[in-house]
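Q: Just passing along the structure, written as structure tokens.
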Amino acid sequence: MKTRSTPTPDAATATATATANVPDDAAKPKAAATDRTFAILELVASASGPLAVKTIGTTLGLPKPTAHRLVNSLIEKGLLARDLETRDVIIGVEAARLAVGILRASLSRAPVRSVLRAVSAELGETCNVGVLDGGDVVYLDRVEVEHWPLRLQFGVGSRVPMHCTAMGKLFLATLPDGMRSRLLASGPFSAQTAYTLTDPDALAAELERIAARGYSLDDEEYVVGVFCVAVPILSSTGRTVAAIAVQAPKVRLSHDRVEQVLPILRRGAEALSAQFG
1 MKTRSTPTPD AATATATATA NVPDDAAKPK AAATDRTFAI LELVASASGP
51 LAVKTIGTTL GLPKPTAHRL VNSLIEKGLL ARDLETRDVI IGVEAARLAV
101 GILRASLSRA PVRSVLRAVS AELGETCNVG VLDGGDVVYL DRVEVEHWPL
151 RLQFGVGSRV PMHCTAMGKL FLATLPDGMR SRLLASGPFS AQTAYTLTDP
201 DALAAELERI AARGYSLDDE EYVVGVFCVA VPILSSTGRT VAAIAVQAPK
251 VRLSHDRVEQ VLPILRRGAE ALSAQFG
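The numbering of the sequence shown is full-length UniProt numbering, which starts it at 1 and goes up by one.
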């Protein structure tokens, strides 16, 4: 009668090790798909304008059916979207929200907040950092001076309009021409005060001036009695990715002080640029 042999401890260990080292082939396609998905998002996010699916596939070396499948999946999730005019691919609302959340979290780190505090202390006024999110400006961080006399609810995460704020107009001025034209065509714009630019042509002329001089002003256009100056925070490629602004009562900040505050704001923007990539 034959007896069943039992593996020795060494043999059992060797067998288990060999089994553990067998690649999980089922996981490989998932990992590859995830890599391609992130590559598409990164490519579209870094582009200066909408991208055709064919361009995405060619750039990343993806077969045409694969490129269309992955792009459509990302569109369904809201991470990508179709440009209304060209039907090419742009970043979607959900990806933009995710990016804002990441930036907001990164700005909570001490080195970043210390820069904003330093700028606010040197100017003696309230300072904000914001980004463009859809059709609004979102405040990522804010340092408010103690002698701020106005009770304005502009905390972190607050949204303000583009057409009548210093940061908003700055973002509008630096958008690609086609996108800016489409946004202006959606006017007339709501009047927040008697000084708000509501006519698209008047706003377009103001945006041209902002683009030429490299900074933006809000002279009581959003809140009566409040004056703001904003400058861009640039990425390593020179793209406007955020903005830093000083906000103060007009009795303390007006056109007369603009040339005085600009160098301080620009130093702060340069110090913050590394945090935005």
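Backbone N, C-alpha and C fix where the C-beta goes; we use that ideal spot for every residue, glycine too.
Predicted, not measured: the structure shown is a model, and the values here were computed from it.
Within 10 angstroms of its Cβ, does Ala67 collect 16 or more other Cβ (buried), or is it exposed?
A: Here residue 67 refers to the residue found at position 67 when the sequence shown is read from its first residue. Buried, because 16 or more other Cβ atoms sit within 10 Å of the Cβ of Ala67.
Q: Suppose you measure from the CA of Ser186 to the CA of Gly135; what does that come to, to the nearest Å?
A: Residue numbering aside, residue 186 sits at position 186 when the sequence shown is read from its first letter. Residue numbering aside, residue 135 sits at position 135 when the sequence shown is read from its first letter. Answer to the nearest angstrom: the Cα atoms are 11 Å apart.
Q: Applying the 10 Å Cβ sphere with the 16-neighbour rule, what's the burial state of Lys54?
A: To locate residue 54, count along the sequence shown from 1; it is residue 54. By the 10 Å Cβ count, Lys54 comes out exposed.
Q: Taking the C-alpha atoms as reference points, what is the distance between Ala230 and Pro65?
A: Along the sequence shown, read from residue 1 onward, the residue named residue 230 stands at position 230. Along the sequence shown, read from residue 1 onward, the residue named residue 65 stands at position 65. Taking the straight line from one Cα to the other gives about 45 Å.
Q: May I have the straight-line CA-CA distance separating Leu253 from Val246, to the nearest angstrom?
A: Within the sequence shown, the letter at position 253 stands for residue 253. Within the sequence shown, the letter at position 246 stands for residue 246. Computed Cα separation, rounded: 9 Å.
Q: Can you tell me the Cα-Cα spacing of Ser73 and Leu132, whole angstroms?
A: As a first step, residue 73 is located in the sequence shown; it is residue number 73 there, counting from the start. As a first step, residue 132 is located in the sequence shown; it is residue number 132 there, counting from the start. Taking the straight line from one Cα to the other gives about 25 Å.
Q: Determine whether the beta carbon atoms of Glu220 and Thr198 lie at a separation below 8 Å.
A: Locating residue 220 in the sequence shown gives position 220, where the first residue counts as 1. Locating residue 198 in the sequence shown gives position 198, where the first residue counts as 1. The answer is no: Cβ separation not under 8 Å.
Q: Have a look at the DSSP bridge pairing and note the partners of Gln247.
A: Here residue 247 refers to the residue found at position 247 when the sequence shown is read from its first residue. Paired residue(s): Thr126, Cys228.
Q: Would you call the CB atoms of Ile91 and Ala45 closer than 8 Å?
A: For the purposes of this step, residue 91 is taken as the residue at position 91 of the sequence shown. For the purposes of this step, residue 45 is taken as the residue at position 45 of the sequence shown. Yes, the pair counts as a contact, with Cβ atoms nearer than the cut-off.
Q: Do the stretch 163–178 and the stretch 205–220 touch if we need at least three Cβ pairs shorter than 8 Å?
A: Segments in contact, yes.
Q: Thinking C-alpha only, which one of Asp201, Thr240, Gln260, Glu94 is nearest Ala274?
A: Mapped onto the sequence shown, residue 274 falls at position 274. Of the listed residues, the one whose Cα sits closest to Ala274 is Thr240.
Q: Would you identify the three-state DSSP class for Ala194, choosing helix, strand or coil?
A: Residue 194 sits at position 194 when you count from the first residue of the sequence shown. Ala194 falls in the coil class under three-state DSSP.
Q: At the level of alpha carbons, what is the spacing between Leu62 and Phe38?
A: Within the sequence shown, residue 62 is the residue found at index 62, counting from 1. Within the sequence shown, residue 38 is the residue found at index 38, counting from 1. Those two C-alpha atoms are separated by around 13 Å.
Q: How close, in whole Å, do the beta carbons of Ser120 and Val143 come, if the pair is a contact with beta carbons under 8 Å?
A: Within the sequence shown, numbered from 1, the residue matching residue 120 stands at position 120. Within the sequence shown, numbered from 1, the residue matching residue 143 stands at position 143. Between Val143 and Ser120 the Cβ distance is about 4 Å, and since that is below 8 Å, they are a contact.
Q: Does DSSP classify Asp24 as helix, strand or coil?
A: For the purposes of this step, residue 24 is taken as the residue at position 24 of the sequence shown. Annotation note: pLDDT 48 at Asp24 (below 50); position unreliable, no value reported.
Q: I'd like to know whether the C-beta atoms of Thr237 and Ala211 end up nearer to each other than 8 Å.
A: Here residue 237 refers to the residue found at position 237 of the sequence shown. Here residue 211 refers to the residue found at position 211 of the sequence shown. In this structure, Ala211 does not lie closer than 8 Å to Thr237 by Cβ.
Q: Provide the residue span of the beta strand (DSSP E) that contains Pro161, from first to last.
A: Translated into positions along the sequence shown, residue 161 becomes position 161. Pro161 -> beta strand (DSSP E) spans 159–161.
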